[in-house]
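Novice: Residue numbers for the sequence shown, in this note's numbering: 123 to 444.
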Amino acid sequence: MSDNNLAINNNLPTENNPKISFYSKLKKDFQLNKIKYLMVLPVIIYFLIFAYKPMYGLLMVFQDFSPRLGISGSTWVGFENFQRFFADPSAWRIVKNTFNISFWSLVFGFPAPIILALLINEIRNKFFKRIVQTVSYMPYFISIVVLCSLIKFFTQSDGLIPEFFSYFGIEKTNLLAEPSAFVPIYVISDIWQTIGWDSIIYLAALAGIDQEQYEAARIDGASKLQQIFHITLPGLKTTIIILLILRMGTLLNMGFEKILLLYSPSTYSVADVISTYVYRMGILNADYSYAAAIGLLNTLVNVTLLLITNRLAKKFAGSGLF
Numbered sequence: 123m124s125d126n127n128l129a130i131n132n133n134l135p136t137e138n139n140p141k142i143s144f145y146s147k148l149k150k151d152f153q154l155n156k157i158k159y160l161m162v163l164p165v166i167i168y169f170l171i172f173a174y175k176p177m178y179g180l181l182m183v184f185q186d187f188s189p190r191l192g193i194s195g196s197t198w199v200g201f202e203n204f205q206r207f208f209a210d211p212s213a214w215r216i217v218k219n220t221f222n223i224s225f226w227s228l229v230f231g232f233p234a235p236i237i238l239a240l241l242i243n244e245i246r247n248k249f250f251k252r253i254v255q256t257v258s259y260m261p262y263f264i265s266i267v268v269l270c271s272l273i274k275f276f277t278q279s280d281g282l283i284p285e286f287f288s289y290f291g292i293e294k295t296n297l298l299a300e301p302s303a304f305v306p307i308y309v310i311s312d313i314w315q316t317i318g319w320d321s322i323i324y325l326a327a328l329a330g331i332d333q334e335q336y337e338a339a340r341i342d343g344a345s346k347l348q349q350i351f352h353i354t355l356p357g358l359k360t361t362i363i364i365l366l367i368l369r370m371g372t373l374l375n376m377g378f379e380k381i382l383l384l385y386s387p388s389t390y391s392v393a394d395v396i397s398t399y400v401y402r403m404g405i406l407n408a409d410y411s412y413a414a415a416i417g418l419l420n421t422l423v424n425v426t427l428l429l430i431t432n433r434l435a436k437k438f439a440g441s442g443l444f
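Okay, here's the thing in structure tokens:
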């Protein structure tokens with residue numbers, strides 16, 4: 123050990139010298155790991171500038187914000203913007219639509235990549251397996267504008283899907299203009315676009331499961347379903363829990379751009395969600411403080427859902443994100 127390192131180690135906290143300040147510990151650790159600190163510095167600067175500095179703008183939630191006066195000069199109104207939202211007759215409809223679309227996206231969208239990963243994992247032909255994986259990933263790279271154009275093209279009254287339904291005696295109509303069809307179209311198209319990409323992490327987790335467990339199960343006469351339920355799914359449990367917790371943290375931040383491109387006045391009753399309402403209030407109506415207040419409420423609900431899910435996961439599954 124060098125004299126320098128020896129001197130540093132002599133200053134580290136010991137049983138005889140336990141009272142060392144945080145600054146002293148940081149200074150000594152920096153001397154030992156200068157390269158690592160320099161490597162992480164750009165990341166810290168990025169988050170300070172683009173993630174934490176904009177939080178200063180949240181002050182406009184409690185103001186009647188005026189771009190001309192700025193945050194320092196605008197009038198303070200306290201919780202008036204929150205009270206205005208709860209008194210808005212359309213607030214309940216927006217919240218209900220947001221939870222409705224989020225719920226069905228979670229119920230059908232979250233297990234879909236797990237099922238696809240299990241199916242791909244059972245394919246033994248490597249060439250065919252790669253083709254299936256590549257084809258399932260491709261929709262993820264389609265632009266959201268192109269995707270919505272395709273959905274509109276296929277669901278219009280003379281499109282492919284109404285034409286197919288007409289063979290079963292269903293009248294051809296523009297499906298996107300039907301309020302009852304909007305949520306299914308949104309959920310199904312979302313699954314189609316993301317199922318392949320989201321299955322990657324599950325396939326990586328499946329590759330880490332000890333193959334000797336499958337060999338032992340086959341010798342004991344376990345069927346394929348028994349192997350999945352007793353070896354594969356327990357092996358994926360930690361990954362599933364972590365991804366579920368992360369999903370709950372962004373549950374209400376659904377594809378805002380997609381809804382904006384797909385909905386119309388005829389489907390506002392089921393498609394208008396918090397994100398689109400914030401867009402209309404903030405960008406189109408220039409009501410910045412009101413839009414920021416609704417956005418903050420949305421974030422607080424997401425954080426609450428994340429904390430509840432993490433707590434439940436630790437209590438019932440024995441593992442959580444933090």
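Ideal placement from N, C-alpha and C gives every residue a C-beta, glycine not left out.
Mapping the DSSP letters down to three states, classify glutamine 185 as helix, strand or coil.
Specialist: If DSSP states are grouped into helix, strand and coil, glutamine 185 belongs with the strands.
Novice: Quickly, what does DSSP pair tryptophan 214 with across the bridge? List them, please.
Specialist: The partner list for tryptophan 214 (beta bridge, DSSP) is empty, contrary to what the question assumes.
Novice: Relative to the alpha-carbon of threonine 197, which residue among Asn424, Asp210, Ser188, Gln205 has its alpha-carbon at the smallest distance?
Specialist: Ranking Asn424, Asp210, Ser188, Gln205 by Cα distance to threonine 197 puts Ser188 first.
Novice: Could you check how far apart the C-beta atoms of leucine 373 and serine 258 are, in whole angstroms? I think they sit under 8 Å.
Specialist: With 8 Å as the limit, leucine 373 and serine 258 do not qualify as a contact, their Cβ atoms being about 24 Å apart.
Novice: Mapping DSSP to helix, strand and coil, what is threonine 197?
Specialist: Looking at threonine 197 - three-state DSSP - the assignment turns out to be strand.
Novice: Whose C-alpha, out of Leu428, Gly440, Ile381, Phe444, is nearest the C-alpha of serine 271?
Specialist: Answer by Cα proximity: Ile381.
Novice: Check the C-beta distance from tyrosine 336 over to alanine 239 and give it rounded, since I have them as a contact under 8 Å.
Specialist: That pair is no contact at about 16 Å.
Novice: Spatial neighbours of threonine 220 within its chain, please: CB distance less than 6 Å, with the 5 preceding and 5 following residues excluded, ordered by chain position.
Specialist: The answer, listed in chain order, is Leu374, Val395, Ile396.
Novice: Where arginine 190 and valine 217 are concerned, what is the direct C-alpha to C-alpha distance, given to the nearest angstrom?
Specialist: Distance between the alpha carbons of arginine 190 and valine 217 is about 32 Å.
Novice: How would you call asparagine 127, buried or exposed, if buried means at least 16 neighbouring beta carbons within 10 angstroms?
Specialist: Residue placement at asparagine 127 is poorly supported in this model, since its pLDDT is 48, which falls under 50; the coordinates are not used for a value here.
Novice: Skipping 5 residues on each side, what residues in its chain have a beta carbon closer than 7 Å to that of glutamine 226?
Specialist: In the sequence as displayed, the identity of residue 226 is tryptophan instead of glutamine. Closer than 7 Å at the Cβ level, and outside the excluded window around tryptophan 226, lie Val305, Val309.
Novice: Using a Cβ-Cβ cutoff of less than 7 Å, which residues in the same chain neighbour isoleucine 130 once the five nearest sequence positions on both sides are dropped?
Specialist: Caution is warranted here: a pLDDT of 46 is assigned to isoleucine 130, below 50, making its placement in the model unreliable, and the coordinate value is therefore given only provisionally. So the qualifying residues of the chain are Lys150, Gln153, Leu154.
Novice: Can you find the residues in the same chain that come closer than 8 Å, C-beta to C-beta, to isoleucine 236, ignoring five residues on each side of it along the sequence?
Specialist: Around isoleucine 236: Ser321, Tyr324, Leu358, Ile362.
Novice: Among Trp319, Ala415, Glu244, Leu443, whose alpha-carbon lies nearest the alpha-carbon of leucine 181?
Specialist: Considering only alpha carbons, the answer is Ala415.
Novice: Are three or more beta carbon pairs between the stretch 250–270 and the stretch 405–412 nearer than 8 Å?
Specialist: No, they do not touch.
Novice: Give me the Cβ distance between isoleucine 273 and serine 311, rounded to the nearest whole Å; I'm assuming they're in contact under 8 Å.
Specialist: Yes, they are in contact, since the Cβ atoms of isoleucine 273 and serine 311 sit about 6 Å apart, within 8 Å.
Novice: Around the C-beta of phenylalanine 184, are 16 or more other C-beta atoms found within 10 angstroms, so that it is buried, or is it exposed?
Specialist: Phenylalanine 184 should be labelled buried.
Novice: Tell me the DSSP secondary structure of tyrosine 446 in three-state form.
Specialist: With the chain covering only 123 through 444, there is no way to say anything about residue 446.
Novice: Compute the beta-carbon to beta-carbon distance between methionine 370 and leucine 428, rounded to the nearest angstrom, for a pair I have assumed lies under 8 Å.
Specialist: The Cβ separation is near 5 Å, so the contact holds.
Novice: What three-state label does DSSP hand glutamate 300 in the structure shown?
Specialist: The answer is coil: DSSP assigns glutamate 300 none of H, G, I, E or B.
Novice: In the DSSP assignment, find the unbroken alpha helix (DSSP H) run with tyrosine 88 in it and report its ends.
Specialist: Any question about residue 88 goes unanswered here, given that the chain covers just 123 to 444.
Novice: Rounded to a whole number of angstroms, what is the C-alpha to C-alpha distance between arginine 340 and lysine 346?
Specialist: Their backbone Cα atoms lie some 9 Å apart in a straight line.
Novice: With 16 as the cutoff for other CB atoms within 10 Å, does alanine 209 come out buried or exposed?
Specialist: With fewer than 16 Cβ atoms within 10 Å of its Cβ, alanine 209 is classed as exposed.
Novice: Taking leucine 101 as part of the alpha helix (DSSP H), name the residues at either end of that continuous run.
Specialist: In the structure displayed, the chain extends from 123 to 444; residue 101 sits before or after that span and is not available.
Novice: Using three-state DSSP, classify glutamine 348 as helix, strand or coil.
Specialist: It is helical.
Novice: By Cβ distance, which residues of its chain are closer than 7 Å to phenylalanine 232, with the 5 residues on each side in sequence left out?
Specialist: These residues qualify, in order along the chain: Leu366, Arg369.
Novice: Could you check whether isoleucine 266 and glutamate 379 sit closer than 7 Å to each other, using their CB atoms as the reference points?
Specialist: Yes, these two residues count as a Cβ contact at 7 Å.
Novice: Could you give the residue range of the alpha helix (DSSP H) that holds asparagine 407?
Specialist: No alpha helix (DSSP H) holds asparagine 407; DSSP gives it neither H nor E.
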